[in-house]
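Novice: I have a structure here, written as structure tokens, and I will follow up with some questions on it.
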Amino acid sequence: MKQYLPLWIVGAIIGVFSTALLVAYALVKDKKESMGFERTMKDGELMKRLLKYAKPYWFSFVIVGLVMLLSISYSILSPILISRIEKIVESGNFAYSDVLWRVIVYAAILIGSLVGTYVQAIVLQKTGQRIISHLREDTFTHIESLSHAQLSHLPVGKLVTRVSNDTNAISMMFTGMLANLVKNVFVIVGVLVAMLCINYMLTLMVLCFVPFIVLFTIIFRKFSRRAYRQVKNGTTDINTYLSEHLSGMKVIQVFNREERKMREFDVKNNTLYRAQRGQIFVFGIFRPVVYMLHISSVLCLFFLGSKGALENRPILGQVVDGATIVAFYMFVSRFFSPIQNLAEQFHRLQSAFASAEKIFTVLDIKPDVVDDEDAIELDEIRGEIEFKDVWFAYNEGEWVLKGVSFHINAKDTVAFVGATGSGKTTILSLLCRNYDIQQGEILLDGINIRRIKIASLRKHFGQMLQDVFLFAGTVRSNIVLRDEFSDEQVLEACRYVNADKFIERLADGLNEEVRERGNNFSAGQRQLLSFARTIIHRPEVMILDEATANIDTETELLIQDSLNKMMNIGTMLIVAHRLSTIQHADNIIVLSDGKIIEQGNHHELLHQKGRYYELYTLQFNKEQLQKGA
Ligand SMILES: Nc1ncnc2c1ncn2[C@@H]1O[C@H](COP(=O)(O)OP(=O)(O)OP(=O)(O)O)[C@@H](O)[C@H]1O
Ligand SMILES: [Mg+2]
Numbered sequence: 240m241k242q243y244l245p246l247w248i249v250g251a252i253i254g255v256f257s258t259a260l261l262v263a264y265a266l267v268k269d270k271k272e273s274m275g276f277e278r279t280m281k282d283g284e285l286m287k288r289l290l291k292y293a294k295p296y297w298f299s300f301v302i303v304g305l306v307m308l309l310s311i312s313y314s315i316l317s318p319i320l321i322s323r324i325e326k327i328v329e330s331g332n333f334a335y336s337d338v339l340w341r342v343i344v345y346a347a348i349l350i351g352s353l354v355g356t357y358v359q360a361i362v363l364q365k366t367g368q369r370i371i372s373h374l375r376e377d378t379f380t381h382i383e384s385l386s387h388a389q390l391s392h393l394p395v396g397k398l399v400t401r402v403s404n405d406t407n408a409i410s411m412m413f414t415g416m417l418a419n420l421v422k423n424v425f426v427i428v429g430v431l432v433a434m435l436c437i438n439y440m441l442t443l444m445v446l447c448f449v450p451f452i453v454l455f456t457i458i459f460r461k462f463s464r465r466a467y468r469q470v471k472n473g474t475t476d477i478n479t480y481l482s483e484h485l486s487g488m489k490v491i492q493v494f495n496r497e498e499r500k501m502r503e504f505d506v507k508n509n510t511l512y513r514a515q516r517g518q519i520f521v522f523g524i525f526r527p528v529v530y531m532l533h534i535s536s537v538l539c540l541f542f543l544g545s546k547g548a549l550e551n552r553p554i555l556g557q558v559v560d561g562a563t564i565v566a567f568y569m570f571v572s573r574f575f576s577p578i579q580n581l582a583e584q585f586h587r588l589q590s591a592f593a594s595a596e597k598i599f600t601v602l603d604i605k606p607d608v609v610d611d612e613d614a615i616e617l618d619e620i621r622g623e624i625e626f627k628d629v630w631f632a633y634n635e636g637e638w639v640l641k642g643v644s645f646h647i648n649a650k651d652t653v654a655f656v657g658a659t660g661s662g663k664t665t666i667l668s669l670l671c672r673n674y675d676i677q678q679g680e681i682l683l684d685g686i687n688i689r690r691i692k693i694a695s696l697r698k699h700f701g702q703m704l705q706d707v708f709l710f711a712g713t714v715r716s717n718i719v720l721r722d723e724f725s726d727e728q729v730l731e732a733c734r735y736v737n738a739d740k741f742i743e744r745l746a747d748g749l750n751e752e753v754r755e756r757g758n759n760f761s762a763g764q765r766q767l768l769s770f771a772r773t774i775i776h777r778p779e780v781m782i783l784d785e786a787t788a789n790i791d792t793e794t795e796l797l798i799q800d801s802l803n804k805m806m807n808i809g810t811m812l813i814v815a816h817r818l819s820t821i822q823h824a825d826n827i828i829v830l831s832d833g834k835i836i837e838q839g840n841h842h843e844l845l846h847q848k849g850r851y852y853e854l855y856t857l858q859f860n861k862e863q864l865q866k867g868a
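The numbering of the sequence shown is the working numbering, which starts it at 240 and goes up by one.
As structure tokens, then:
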């Protein structure tokens with residue numbers, strides 16, 4: 240008994256650790272709440288779809304496989320070579336060249352394996368990035384094809400995460416995880432076979448530690464899942480909070496809420512900090528524990544091996560010598576580290592799969608406004624528009640337009656007037672088929688717009704929307720969008736809509752930088768830029784949803800003047816809040832609660848003394864009052 244004391248000590252230490260961890264495992268409850276990993280798609284299905292993206296690059300993967308053989312063979316062959324060298328040296332009677340060629344072979348496989356690892360990393364990174372850029376492109380194109388209704392159901396923050404983070408998680412899977420997984424499995428099996436060939440007795444001894452590794456891995460998985468979930472929730476929480484509050488920072492400052500928001504942020508920040516610390520703690524326990532098993536097996540190996548070697552005593556019928564001990568010493572570390580690696584990679588693989596599913600869910604959304612199979616291309620239009628008993632609801636049952644019918648002659652200017660929420664923007668939006676209507680017909684030049692290809696339909700419309708959207712870029716890039724125009728054409732468009740004056744005052748003129756969402760321009764300037772953007776593309780039908788924001792009188796006059804000019808270009812639909820804007824319109828349609836209550840020109844409507852008359856006198860009196868003041 241006594242002569243095996245060291246083994247008893249090792250056994251006792253492992254026993255104590257196992258018991259402690261098992262107790263912790265039993266005591267800590269793992270909430271079965273959402274991990275963000277729950278999936279409806281099967282692993283196989285996801286893998287199949289992912290592999291479809293990887294398929295064009297099969298050649299790269301073959302190269303990686305071949306190169307990987309180098310590092311796998313290094314793991315397996317190097318201990319054998321070293322043990323041979325040891326044996327020769329130990330014998331004391333050897334030719335120098337015997338050692339030398341073995342050392343050279345060792346160096347050669349080592350260099351081969353290092354080069355192999357480098358090539359593998361480069362090829363995998365390159366391929367992974369290509370696959371991901373393809374996937375990202377598909378996701379973006381798909382999001383572009385979704386209708387307004389579908390887009391409004393997908394929060395922007397989530398979409399950004401899909402296109403950036405989730406694709407990245409998948410990229411990591413292609414670039415590192417899968418290759419490592421395959422390599423680790425091969426190394427484990429290879430090392431095991433090599434060990435068995437050399438000495439099955441010592442192999443069995445090493446294998447005695449495997450059940451403990453399995454046990455610790457199971458325990459570790461429970462804790463790491465918990466930690467991972469907390470970190471993930473914490474990160475999502477803080478991201479959501481940040482994105483919302485950064486965009487609302489001005490409001491926070493105006494209402495003096497900085498301190499309160501800071502405290503809220505602190506709480507979230509601390510939660511994330513604690514979660515991260517927890518995760519580090521879990522890994523901090525797991526790695527040393529596996530290392531302890533590793534060292535224990537080395538201790539046992541040295542103890543039993545040296546005992547056998549020194550006393551020249553066969554164990555289980557096998558004699559152990561110094562060379563075997565050296566080989567096993569090296570094998571043991573090559574055996575343990577891939578196992579530890581596999582256990583740690585498990586979650587990352589799961590999270591990559593979860594990301595893949597989220598992306599595929601977005602890719603699986605069928606665009607609900609699509610071209611009919613026999614949709615036609617419209618090259619030129621006159622610009623005659625008709626709504627025939629149109630019923631429309633954003634949400635089922637909540638009718639926003641209730642049987643709207645009107646007719647607009649080509650080149651006419653028609654204005655829509657009505658209280659806020661009466662459906663003016665909705666009408667304009669339906670015309671470009673941002674949404675499909677539930678009942679009735681919308682005709683362009685007598686053709687139902689559902690029968691026209693969407694791209695071809697929208698080409699004919701120039702939309703100037705209520706909140707003008709400017710992209711980050713330059714004044715010029717915001718006017719031309721993606722099309723080609725000469726500077727002269729751009730300037731001409733600007734002159735036409737009176738945007739030239741303020742552009743001339745800018746330090747860089749047309750090349751002046753436009754910041755995100757155009758927040759370095761005033762509301763009036765943004766509106767003029769959107770006019771220039773519309774005019775330069777020469778649409779047959781222009782749609783203007785006038786901003787309610789207040790603009791200074793000078794800009795208002797400029798806008799009024801450019802509007803008057805634009806009215807002569809083609810058919811024009813205007814939603815106007817300042818009724819003075821639309822006095823010259825050919826027809827004014829007054830809406831109330833999704834229905835048309837009056838229509839006619841300015842004079843006819845004033846004469847009728849209805850809703851329009853009320854609105855007009857109200858505004859007129861207000862203006863008189865302001866002037867008087
Ligand atoms: N994307 C949407 N989803 C659901 N309901 C919507 C959506 N957009 C508008 N609505 C609803 O439709 C109704 C009409 O909205 P619309 O934007 O057409 O009004 P509007 O006449 O343009 O008002 P305003 O003068 O304020 O611009 C409103 O009751 C609004 O709540
Ligand atoms: Mg509106």
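Where a beta carbon is used, it is the ideal one built from N, C-alpha and C, also for glycine. Note that the structure is predicted; figures quoted are calculated from it, not measured.
1. Could you check which residue in Gly-657, Val-565, Met-412, Ser-482 has the C-alpha nearest to that of His-586?
2. Does the segment 837 to 853 come within contact of the segment 822 to 829, defined as at least 3 CB pairs closer than 8 Å?
3. For the segment 372 to 389 against the segment 335 to 344, do three or more pairs of beta-carbon atoms, one drawn from each stretch, fall closer than 8 Å, so that the two count as touching?
4. Of the residues Lys-281, Phe-760, Ile-319, Ala-251, which one's Cα is nearest the Cα of Arg-744?
5. Go ahead and pull the three-state DSSP assignment for Met-444.
6. Going straight from the alpha carbon of Lys-365 to that of Asp-739, what length do you get?
7. Short of 6 Å in beta carbon distance, which residues of its chain neighbour Met-274, apart from the five on each side in sequence? Order them along the chain.
8. Taking the runs of the alpha helix (DSSP H) that are 4 residues or longer, which of them lie wholly in the segment 365 to 441?
9. Between Tyr-852 and Glu-837, what straight-line distance do the alpha-carbon atoms span, to the nearest angstrom?
10. With respect to 7 Å, is the separation between the Cβ of Lys-281 and the closest non-hydrogen atom of ligand 2 below this value?
11. Measuring CA to CA, which of Phe-451, Leu-543, Glu-284, Glu-329 is closest to Val-255?
12. Use the C-beta contact count for Val-493: other C-beta atoms within 10 angstroms, 16 or more gives buried, fewer gives exposed.
13. Please report how far the alpha carbon of Met-806 lies from the alpha carbon of Pro-606, in whole angstroms.
14. With distances taken from CA atoms, which of His-373, Asp-505, Leu-709, Thr-563 is nearest Lys-291?
15. Where does Gly-839 sit, in a helix, a strand or coil, going by DSSP?
16. Would you kindly report the start and end of the unbroken alpha helix (DSSP H) that includes Thr-258?
17. Measuring alpha carbon to alpha carbon, tell me which of Ser-322, Pro-318, Lys-546, Ile-457 ends up nearest Gln-242.
18. Rounded to the nearest angstrom, how far is the Cβ of Tyr-735 from that of Ile-774, given a contact under 8 Å?
19. Does the beta-carbon of Leu-720 have 16 or more other beta-carbons within 10 angstroms, so that it is buried, or is it exposed?
20. In the DSSP assignment, the beta strand (DSSP E) including Gly-679 goes from what residue to what residue?
21. Could you give the residue range of the alpha helix (DSSP H) that holds Ile-604?
22. Using C-beta distances below 6 Å, list every residue in its chain close to Val-306, excluding the 5 sequence neighbours before and after it, in chain order.
23. Distance check for Arg-401 and Val-470, CA to CA, integer angstroms please.
24. Reducing DSSP to helix, strand and coil, say where Phe-333 ends up.
25. Excluding the 5 residues preceding and the 5 following Ile-409 in the sequence, name in chain order all residues of the same chain whose CB lies nearer than 6 Å to its CB.
26. If you run the structure through DSSP and keep just helix, strand and coil, what is Lys-650?
27. Looking only at its own chain, which residues have a Cβ that is under 8 Å from the Cβ of Leu-549, when we skip the five neighbours before and after it?
28. Below 7 Å, is the gap between the Cβ of Gln-702 and the nearest heavy atom of ligand 2?
29. Grab the span of the beta strand (DSSP E) containing Lys-207 for me, first residue to last.
30. Okay, do the segment 296 to 313 and the segment 346 to 353 touch, 3+ Cβ pairs below 8 Å being the bar?
31. Using only the alpha-carbon positions, how far apart do Ile-742 and Leu-749 sit?
32. Beta-carbon within less than 6 Å of Glu-779's beta-carbon, same chain only, minus the 5 sequence neighbours each way: which residues are those?
33. Taking the straight line between their C-alpha atoms, what separation do you get for Arg-573 and Met-434?
34. DSSP on Met-569, reduced to helix/strand/coil?
35. Leaving out the 5 sequence neighbours to the left and right, which residues in its chain are closer than 8 Å to Ser-293 when beta-carbon positions are compared?
36. Between Leu-540 and Met-444, how many whole angstroms is the CB-CB distance? I'm expecting something under 8 Å.
Specialist: Taking the coordinates as given:
1. For the purposes of this step, residue 586 is taken as the residue at position 347 of the sequence shown. The shortest C-alpha separation from His-586 is found at Met-412.
2. Touching, yes.
3. Contact between the segment 372 to 389 and the segment 335 to 344 is absent, because fewer than three Cβ pairs lie under 8 Å.
4. Position 505 of the sequence shown holds residue 744. Scanning Lys-281, Phe-760, Ile-319, Ala-251 for the CA closest to the CA of Arg-744 turns up Phe-760.
5. Reading the sequence shown from its first residue, position 205 is the one you call residue 444. Looking at Met-444 - three-state DSSP - the assignment turns out to be helix.
6. The residue you call residue 365 lines up with position 126 of the sequence shown. The residue you call residue 739 lines up with position 500 of the sequence shown. Put simply, the backbone Cα of Lys-365 is about 47 Å away from that of Asp-739.
7. Numbered from 1 along the sequence shown, position 35 holds the residue referred to as residue 274. Bear in mind that a pLDDT of 48 at Met-274, under 50, signals an unreliable position, so the number given afterwards is only what the model happens to contain. Only residues of its own chain outside the window of five on either side were considered, and among them Arg-468 have a CB closer than 6 Å to the CB of Met-274, listed in chain order.
8. 387 to 392, 395 to 400, 406 to 411, 417 to 437, all fully within the segment 365 to 441.
9. Counted from its first residue, the sequence shown places residue 852 at position 613. Counted from its first residue, the sequence shown places residue 837 at position 598. Taking the straight line from one Cα to the other gives about 11 Å.
10. Along the sequence shown, one-based indexing puts residue 281 at 42. Not so, every heavy atom of ligand 2 lies at least 7 Å from the Cβ.
11. Sequence index remark: in the sequence shown, residue 255 carries index 16 (1-based). It is Phe-451 whose Cα lies nearest to the Cα of Val-255.
12. What you label residue 493 is simply residue 254 of the sequence shown in a count that begins at 1. It counts as exposed.
13. Stepping through the sequence shown from its first residue, residue 806 is reached at position 567. Stepping through the sequence shown from its first residue, residue 606 is reached at position 367. Looking at the two C-alpha atoms, the distance is approximately 35 Å.
14. Counting from 1 along the sequence shown, the entry for residue 291 is found at position 52. The option with the nearest alpha carbon to Lys-291 is His-373.
15. Walking along the sequence shown from the start, residue 839 turns up at place 600. DSSP places Gly-839 in strand when its eight states are reduced to three.
16. Locating residue 258 in the sequence shown gives position 19, where the first residue counts as 1. Residues 244 to 266.
17. In the sequence shown, the residue the question calls residue 242 occupies position 3. Comparing Cα-Cα distances from Gln-242 to each of Ser-322, Pro-318, Lys-546, Ile-457, the minimum goes to Lys-546.
18. The count along the sequence shown starts at 1 and reaches residue 735 at position 496. The count along the sequence shown starts at 1 and reaches residue 774 at position 535. Correct: roughly 6 Å between the Cβ atoms.
19. Numbered from 1 along the sequence shown, position 481 holds the residue referred to as residue 720. Around the beta carbon of Leu-720, fewer than 16 other beta carbons lie within 10 angstroms, which makes this residue exposed.
20. What you label residue 679 is simply residue 440 of the sequence shown in a count that begins at 1. It spans 678 to 683 - the beta strand (DSSP E) in which Gly-679 sits, taken as one unbroken run.
21. Along the sequence shown, read from residue 1 onward, the residue named residue 604 stands at position 365. First-last for Ile-604: undefined, no H or E at that position.
22. What you label residue 306 is simply residue 67 of the sequence shown in a count that begins at 1. If you ignore the 5 residues before and after Val-306, its C-beta comes within less than 6 Å of the C-beta of Gly-355, Val-358, Gln-359, all in its own chain and listed in chain order.
23. One-based indexing of the sequence shown puts residue 470 at position 231. One-based indexing of the sequence shown puts residue 401 at position 162. Rounded to whole angstroms, Val-470 to Arg-401 spans 19 Å at the Cα level.
24. As a working note, residue 333 is residue 94 in the sequence shown. Shown here, Phe-333 sits in coil according to DSSP, grouped into three states, outside any helix or strand.
25. Your numbering for residue 409 matches position 170 in the sequence shown. Apart from sequence neighbours up to five positions away, the residues of its chain that approach Ile-409 with a beta-carbon distance below 6 Å are Ala-591, Ser-594, Ala-595, ordered along the chain.
26. In the sequence shown, counting from the first residue as 1, residue 650 sits at position 411. The answer is coil: DSSP assigns Lys-650 none of H, G, I, E or B.
27. As a working note, residue 549 is residue 310 in the sequence shown. Excluding residues within five positions, none has a Cβ falling inside 8 Å.
28. Working through the sequence shown from its first residue, we reach residue 702 at position 463. The answer is no for Gln-702.
29. Lying outside 240 to 868, the shown extent of the chain, residue 207 is not represented and no answer is given.
30. Touching, per the Cβ criterion.
31. Mapped onto the sequence shown, residue 742 falls at position 503. Mapped onto the sequence shown, residue 749 falls at position 510. Computed Cα separation, rounded: 7 Å.
32. Reading the sequence shown from its first residue, position 540 is the one you call residue 779. Within the same chain, Glu-779 has close Cβ partners Ile-620, Gly-622, His-699, Gly-809.
33. Indexing the sequence shown from 1 puts residue 573 at position 334. Indexing the sequence shown from 1 puts residue 434 at position 195. So the alpha carbons of these two residues sit roughly 11 Å apart.
34. For this step, residue 569 is matched to residue 330 along the sequence shown. In the structure shown, Met-569 sits in a helix (DSSP, three-state: H, G or I).
35. Here the question's residue 293 lines up with position 54 in the sequence shown. Per the sequence shown, the amino acid found at residue 293 is Ala instead of Ser. Excluding positions up to five away in sequence, the list reads Phe-300, Thr-366, Ile-370, Phe-413.
36. Counted from its first residue, the sequence shown places residue 540 at position 301. Counted from its first residue, the sequence shown places residue 444 at position 205. Yes, Leu-540 and Met-444 are in contact; Cβ-Cβ is about 7 Å, under 8 Å.
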